[in-house]
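A short write-up of the structure that comes next.
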Amino acid sequence: MNNLQTFKNEIFEVAAKIENDQILFDAEQVARNLGLTTVAKSGNVTIRWSRVNTYLPDNFPEVEKGDFIPEPLVYKLAFRASNQIAEQFQDWLAFEVIPTIRKTGGYVANDEQFIQTYLSNADENTKLFFKTTLHALKEQNKQIESMKPKALFAEAVEASESSVLVGELAKIIQQNGVKIGPNKLFQWLRDNGYLIRKTGESFNLPTQRSMDLGLFEIKKRTMNNPDGSIRTTRTPKVTGKGQIYFVNKFISSETA
1 MNNLQTFKNE
11 IFEVAAKIEN
21 DQILFDAEQV
31 ARNLGLTTVA
41 KSGNVTIRWS
51 RVNTYLPDNF
61 PEVEKGDFIP
71 EPLVYKLAFR
81 ASNQIAEQFQ
91 DWLAFEVIPT
101 IRKTGGYVAN
111 DEQFIQTYLS
121 NADENTKLFF
131 KTTLHALKEQ
141 NKQIESMKPK
151 ALFAEAVEAS
161 ESSVLVGELA
171 KIIQQNGVKI
181 GPNKLFQWLR
191 DNGYLIRKTG
201 ESFNLPTQRS
211 MDLGLFEIKK
221 RTMNNPDGSI
231 RTTRTPKVTG
241 KGQIYFVNKF
251 ISSETA
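Right under this line is the structure:
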């Protein structure tokens with residue numbers, strides 16, 4: 001993966017490239033994903049470059065828009081940022097992006113690449129089966145997208161009791177006709193008392209009110225640090241009940 005490639009999920013987006021066998025990430029996007037930003041008088045979100053450079057090692061050149069930083073420094077920034085979003089971004093890089101880059105040189109972008117990457121030793125019948133299945137799933141998704149948003153959401157919740165990330169909830173709300181992104185939804189949840197606003201270990205975790213209502217659950221994950229210590233991360237996830245609650249709340253306010 002010598003060329004620049006963008007990786008994204010429902011919350012984060014970052015560009016990466018490999019130079020001299022080293023994975024490099026876009027410093028501006030990393031800072032934005034870690035919440036190292038401020039709102040200018042114009043209302044635009046800008047990067048706090050002074051804060052970013054303070055967090056980087058003294059012997060590392062100052063970075064600015066257009067620069068790239070290596071993987072270890074991304075983790076260093078995430079550690080110094082010390083907030084829930086930073087932990088989620090770090091987990092996404094560590095468990096999804098980095099392993100995929102090292103295995104394939106980039107994200108698997110299409111069905112054919114998926115099959116050649118992960119099923120290269122399979123026989124032709126197996127490859128054909130997976131190709132047909134993937135195609136059928138895509139066609140099914142197209143049909144689902146053409147359905148009315150409320151019907152889509154009701155069927156999805158009835159079919160699955162799985163909790164979702166806040167970023168996925170934002171996508172569900174948008175499918176129901178209300179335009180809102182993950183960052184704005186996080187802000188709304190904090191402003192309205194569903195997530196904790198106070199900066200610290202509990203930032204962006206559900207309030208007691210949310211937990212009592214059964215709107216959220218907390219997913220815990222244990223990670224081994226390079227020094228041998230153990231770190232536990234906590235991520236808020238919206239329950240099926242919470243998904244219905246918030247979608248109805250946004251739809252009601254939109255039509256009021």
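Quick note: the sequence shown, position 128, residue 128 per UniProt numbering, numbers continuous.
Ideal placement from N, C-alpha and C gives every residue a C-beta, glycine not left out.
#1: Using the rule of at least 16 other Cβ atoms within 10 Å of the residue's Cβ for burial, across every protein chain shown, is residue 173 buried or exposed?
#2: How is residue 179 classed by DSSP in three states: helix, strand or coil?
#3: Going by DSSP in three states, residue 125 sits in which element: helix, strand or coil?
#4: Taking only three categories from DSSP, how would you classify residue 101?
#5: Since I believe residue 31 is in contact with residue 68 (beta carbons under 8 Å), could you give me their beta-carbon distance rounded to a whole number of angstroms?
#6: Enumerate in chain order the residues of its own chain whose CB-to-CB distance from residue 145 is below 7 Å, with the five nearest sequence positions on each side excluded.
#7: Measure how close the beta-carbons of residue 203 and residue 238 come, nearest whole angstrom, since I'm counting them as under 8 Å.
#8: For residue 90, is the classification buried or exposed, using 16 other Cβ atoms within 10 angstroms of its Cβ as the cut-off for buried?
#9: Could you check what DSSP says for residue 158 in three-state terms: helix, strand or coil?
#10: Is it buried or exposed for residue 230, if we count other Cβ within 10 angstroms and need 16 for buried?
#11: Using only CA atoms, which one of 209, 22, 200 lies nearest to residue 101?
#12: Given a threshold of 16 other Cβ atoms within 10 Å of its Cβ, counted over all protein chains shown, does residue 40 qualify as buried or as exposed?
#13: Drop a sphere of 10 angstroms on the beta-carbon of residue 50, count the other beta-carbons inside from all chains shown, and report buried for 16 or more, exposed for fewer.
#14: What does DSSP give as the partner residue(s) for residue 39 in the beta ladder?
#15: In angstroms with no decimal places, state the Cα-to-Cα distance between residue 163 and residue 236.
#16: Nearest to residue 65 by CA position, among 18, 29, 42, is which residue?
#17: Can you tell me whether DSSP reads residue 91 as helix, strand or coil?
#18: Is it the case that the Cβ atoms of residue 220 and residue 197 are separated by a distance below 9 Å?
#19: For residue 19, count the other beta carbons within 10 Å of its own beta carbon; 16 or more makes it buried, fewer makes it exposed. Which is it?
#20: Please confirm if residue 186 has its CB atom under 9 Å from at least one CB of chain C.
#21: Just reading off the beta strand (DSSP E) that residue 28 is part of, what are its end residues?
#22: Drop a sphere of 10 angstroms on the beta-carbon of residue 95, count the other beta-carbons inside from all chains shown, and report buried for 16 or more, exposed for fewer.
#23: Of all the options 247, 57, 74, which has the alpha carbon lying nearest to the alpha carbon of residue 25?
#24: Between the alpha carbons of residue 201 and residue 85, how many angstroms are there, rounded?
#25: In angstroms, rounded to a whole number, what distance separates the CA positions of residue 242 and residue 199?
#26: Since residue 209 is in the alpha helix (DSSP H), which residue starts that stretch and which ends it?
For this structure:
#1: buried
#2: coil
#3: helix
#4: helix
#5: At roughly 12 Å, the Cβ-Cβ gap does not stay under 8 Å, so residue 68 and residue 31 are not in contact.
#6: With a pLDDT of 49 at residue 145, under the threshold of 50, the predicted position of this residue should be treated as unreliable, though the coordinate-derived value follows. So no residue of the chain qualifies.
#7: About 17 Å; that fails the 8 Å criterion.
#8: buried
#9: Unreliable positioning characterises residue 158 in this predicted model, as indicated by a pLDDT of 48, which lies under 50. The coordinate reading is nonetheless provided below. Three-state result, residue 158: helix.
#10: exposed
#11: 22
#12: exposed
#13: exposed
#14: 45
#15: 9 Å
#16: 29
#17: helix
#18: no
#19: exposed
#20: The structure shown contains no chain C, having only a single protein chain.
#21: Counting along the chain, residue 28 falls outside any beta strand (DSSP E), though it belongs to the alpha helix (DSSP H) covering 27 to 33.
#22: exposed
#23: 74
#24: 11 Å
#25: 24 Å
#26: 208 to 213
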